[in-house]
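Quick note: the sequence shown uses our numbering, first residue 278, plus one each step.
Cβ atoms here follow ideal geometry from the backbone N, Cα and C, with glycine treated the same way.
Inspection log for the structure reproduced underneath, given as structure tokens.
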Amino acid sequence: MLIIRYVKSTSLYIFANLKKVAQVIQLFKLLMVNLKTPLLKPLLGLFICLLLTSNASFAAADGEALFKDNCSSCHKLDEKLVGPALKDIEKRRDRAWIAKWVRNSSAVIASGDEYAVKLFAEYSKTQMTAFPNLKDEEINAILDYVKTPPKAKPAATANAGAASGSNDDAVYFIALLFIIFLVVYLLLGKINRNLINLVNKDTPDVLDTPIPLYRNFRFIGFLIIVVTIFVGYRAADSSVDMGRSQGYSPDQPIKYSHKLHAGEMKIDCKYCHVGVEKGKQAGIPTVNICMNCHKAVDQATAGTGKEEIQKIRDAYANNKPIEWVRIHNLPDHVYFSHAQHVKAGQIACQTCHGQIQEMEVVAQNQPLSMSWCINCHRETKVQFNTNKYYGMYEDLHKDMKNGKIKGVTEAMMGGLECQKCHY
Ligand code: HEC
Ligand code: HEC
Ligand code: HEC
Ligand code: HEC
Ligand code: HEC
Ligand code: HEC
278 MLIIRYVKST SLYIFANLKK VAQVIQLFKL LMVNLKTPLL KPLLGLFICL LLTSNASFAA
338 ADGEALFKDN CSSCHKLDEK LVGPALKDIE KRRDRAWIAK WVRNSSAVIA SGDEYAVKLF
398 AEYSKTQMTA FPNLKDEEIN AILDYVKTPP KAKPAATANA GAASGSNDDA VYFIALLFII
458 FLVVYLLLGK INRNLINLVN KDTPDVLDTP IPLYRNFRFI GFLIIVVTIF VGYRAADSSV
518 DMGRSQGYSP DQPIKYSHKL HAGEMKIDCK YCHVGVEKGK QAGIPTVNIC MNCHKAVDQA
578 TAGTGKEEIQ KIRDAYANNK PIEWVRIHNL PDHVYFSHAQ HVKAGQIACQ TCHGQIQEME
638 VVAQNQPLSM SWCINCHRET KVQFNTNKYY GMYEDLHKDM KNGKIKGVTE AMMGGLECQK
698 CHY
């Protein structure tokens, strides 16, 4: 978002100053051709090299990224985690078998494959997530990475990088761009001045007389734009936290972290909130689901993990549920269904719950008031043409075809009627 806004404003700036840009390009040409500066050419070369190498390493990291996104919550390379260490997997199985296994391990086990059945038993019948959508080349990339991981940076920094999230990255990116712009600007200003002094004394019209930076309105304008973007973004960001019952964030009996599980380890929300596409309730996971992994994982690399995980194991041993404190709660007279919104409406969890995958402790992100529901029903255009679910609204489909309406909102399908939301 931010980057897009930034690029937009920058290109607007460039557009508004085409003349200046043309001058700059001219100057660059002049420089490269006539002055044969000893410094700039190597710098330019270095810059291009950097670009190229950064691209190259990006392509190579593919397998690593896929592994981190999909597998690292349960597998390490040279150590048992929830599943076996994968470093030598190709000594045990060939790629065709592995591909079948990764796409659907239950099917391989069900087929009676001896190796698979034994392995499954050995791992206390812990079910591995199925990845039916991974393509051959993606599985191959993962296996290439697993076999010869690039000389690893310490795991800690890799984790910290992942945790710091894209917002921080965006801010750094902008700061960097800004500095580059500033340096280029200063450099060019100086060169501009020198050139005028040296070469062009008799044609002052071609190149404007240089104005000091602090009196250059274009530069000040540019600076103001950048600062505004920064401040505006910060303000918008923090105002999200304000509100009524928004922000409710009680202590939980176990220090369970979505940031760790859903964020860093990228466990799918549906793995734990199993009801979310099927029914009204998303559901809070049972101890069994935690134990799928915590039978094996008794400790976290950092933090207070051990005691907290022991609480899960105690609950499991004593056959007692964990008493999670409920956070989101509509009054009894309101009907709300997750399946309707997540499956039929295809709305992302984050739209209503905020960036859960970045929360150490869950907090209510939206007001859950009647006007909140209604506003969204008025404003959100549903994916009317592509979603089979809406086939039954024939009149609306006709209106769409005739161009009478541009899009269909939930409100047009009766989403503002009292009895839809009230018992
Ligand atoms: C939810 C945890 C989980 C995730 C996520 C997961 N695995 Fe597994 N994996 C297991 C478990 C547990 C086993 C052991 C067999 C069993 O119990 O089903 C296993 C076994 C395997 C095996 C067989 C190992 C052997 O020694 O023969 C391979 C290969 C494998 N996983 C690859 C992957 C890959 C590749 C990914 C990511 C795309 C992945 N797994 C993601 C839990 C997981
Ligand atoms: C490893 C299991 C697990 C995964 C994965 C997971 N959650 Fe949760 N979630 C829980 C548990 C346990 C709770 C109850 C404790 C708490 O509130 O932190 C919970 C609570 C919540 C709540 C608050 C429920 C309330 O009481 O109102 C929301 C909302 C939620 N999760 C959304 C998500 C979303 C969105 C994702 C995916 C980005 C996700 N969860 C992934 C286990 C999980
Ligand atoms: C797919 C596997 C998986 C599932 C399911 C899972 N966890 Fe974890 N959990 C892990 C791993 C792996 C770690 C250790 C991460 C590390 O090395 O820091 C962990 C760490 C933890 C920690 C310690 C965190 C810390 O920072 O000290 C707690 C507490 C925890 N899990 C609670 C839960 C609860 C409660 C559930 C069930 C709602 C659950 N986990 C489900 C894999 C899982
Ligand atoms: C359209 C908004 C919306 C979307 C999208 C949405 N939720 Fe919810 N969620 C709510 C509301 C409202 C409640 C309170 C429901 C109640 O009190 O009956 C809630 C409650 C919950 C709860 C706790 C109570 C329960 O229902 O079990 C969990 C967990 C949860 N959501 C997870 C998720 C996950 C995971 C997703 C995405 C797959 C998701 N939600 C998508 C609005 C939404
Ligand atoms: C982020 C947008 C959004 C929010 C917030 C939202 N909804 Fe919805 N809602 C939708 C969309 C889109 C649909 C259409 C999906 C469908 O057809 O089932 C829908 C459908 C419904 C339906 C089914 C209506 C029908 O025609 O059968 C009900 C009931 C409903 N919402 C209730 C609620 C309640 C109650 C709340 C507030 C607690 C709420 N919604 C908040 C977007 C939203
Ligand atoms: C899209 C869903 C939706 C529709 C449509 C809807 N409501 Fe509501 N209504 C809610 C929600 C959610 C609340 C709970 C708000 C809260 O707890 O602050 C609520 C609360 C109320 C309350 C307040 C009750 C209380 O506990 O304070 C009244 C009265 C009410 N609605 C009447 C109506 C009437 C009359 C209509 C039809 C014109 C209507 N509602 C249509 C979702 C809806």
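Can we count residue 603 as close to ligand 4, meaning its CB is less than 8 angstroms from some heavy atom?
yes
Less than 9 angstroms between the C-beta atoms of residue 369 and residue 408, yes or no?
9 angstroms or more divides the Cβ of residue 369 from the Cβ of residue 408.
Per DSSP, which one or two residues make a beta bridge with residue 699?
611
Suppose the cutoff is 7 angstroms on Cβ atoms and the five residues either side in sequence are ignored; what does the same chain contact list for residue 698 look like?
611, 612 and 650
What residues in its chain sit with their C-beta under 8 angstroms from that of residue 556, if we drop five residues either side in the sequence?
Excluding residues up to 5 positions away in sequence, 614, 615 and 616 lie with their Cβ nearer than 8 angstroms to the Cβ of residue 556 in the same chain.
Collapsed DSSP secondary structure at residue 678 in the structure displayed:
helix
Using only the heavy atoms of ligand 1, determine whether one of them is closer than 8 angstroms to the beta carbon of residue 388.
no
Does the beta-carbon of residue 353, which I'm using as the reference point, lie nearer than 8 angstroms to any heavy atom of ligand 1?
No, since every heavy atom of ligand 1 falls outside the 8 angstroms radius drawn around the Cβ of residue 353.
To which residues of the same chain is residue 377 closer than 7 angstroms at the C-beta, ignoring the five residues directly before and after it?
385.
Inter-stretch contact (C-beta, 8 angstroms, three-pair minimum) for the stretch 653-670 and the stretch 558-571:
Because the criterion of three Cβ pairs below 8 angstroms is not met, the stretch 653-670 and the stretch 558-571 do not touch.
When the Cα of residue 624 is compared with those of 410, 653, 361 and 668, which residue comes out closest?
653
CB of residue 589 to nearest heavy atom of ligand 1: below 8 angstroms?
For ligand 1, not one heavy atom lies less than 8 angstroms from the Cβ of residue 589.
I need the straight-line Cα distance from residue 474 to residue 468, nearest angstrom please.
10 angstroms
Proximity of residue 362 and residue 355 at Cβ, strictly below 9 angstroms:
The answer is yes: Cβ separation under 9 angstroms.
Residue 665 in three-state terms, based on DSSP
Under the three-state reduction of DSSP, residue 665 is assigned to helix.
Per-residue DSSP class, three states only, for residue 686:
strand
Below 8 angstroms, is the gap between the Cβ of residue 575 and the nearest heavy atom of ligand 2?
No, since every heavy atom of ligand 2 falls outside the 8 angstroms radius drawn around the Cβ of residue 575.
Using the Cα positions of residue 440 and residue 339, report the straight-line distance between them to the nearest angstrom.
Because the pLDDT at residue 440 is just 35, under 50, the model does not fix this residue reliably, and the value given afterwards should be weighed accordingly. Each residue's Cα considered, the two are about 19 angstroms apart.
At a cut-off of 8 angstroms, would you count residue 597 as near ligand 3, judging by its Cβ distance to the nearest heavy atom?
no
Proximal residues to residue 422 (C-beta, below 6 angstroms), its chain only, five neighbours per side dropped
340, 341 and 344
Please tell me whether, using a cut-off of 8 angstroms, the distance from the CB of residue 363 to the nearest non-hydrogen atom of ligand 3 is below it.
no
Should residue 525 be counted as a contact of ligand 5 given a C-beta to heavy atom distance under 8 angstroms?
Residue 525: no, Cβ never under 8 angstroms from ligand 5.
I need the DSSP call for residue 364, collapsed to helix, strand or coil.
coil
Inter-residue Cα distance where the pair is residue 229 and residue 538
Only positions 278 to 700 of the chain appear in the structure, and residue 229 is not among them; the question remains open.
Could you check the C-alpha separation between residue 287 and residue 635 for me, to the nearest Å?
Confidence is the limiting factor: at residue 287 the pLDDT is only 49, short of 50, which leaves the residue's position unreliable, though a coordinate-based value still follows. Distance between the alpha carbons of residue 287 and residue 635: 30 angstroms.
By DSSP, does residue 239 sit in helix, in strand, or in coil?
With the chain represented from 278 up to 700, any question about residue 239 goes unanswered, as that position is not in the structure.
DSSP three-state assignment for residue 543, whether helix, strand or coil
DSSP places residue 543 in coil when its eight states are reduced to three.
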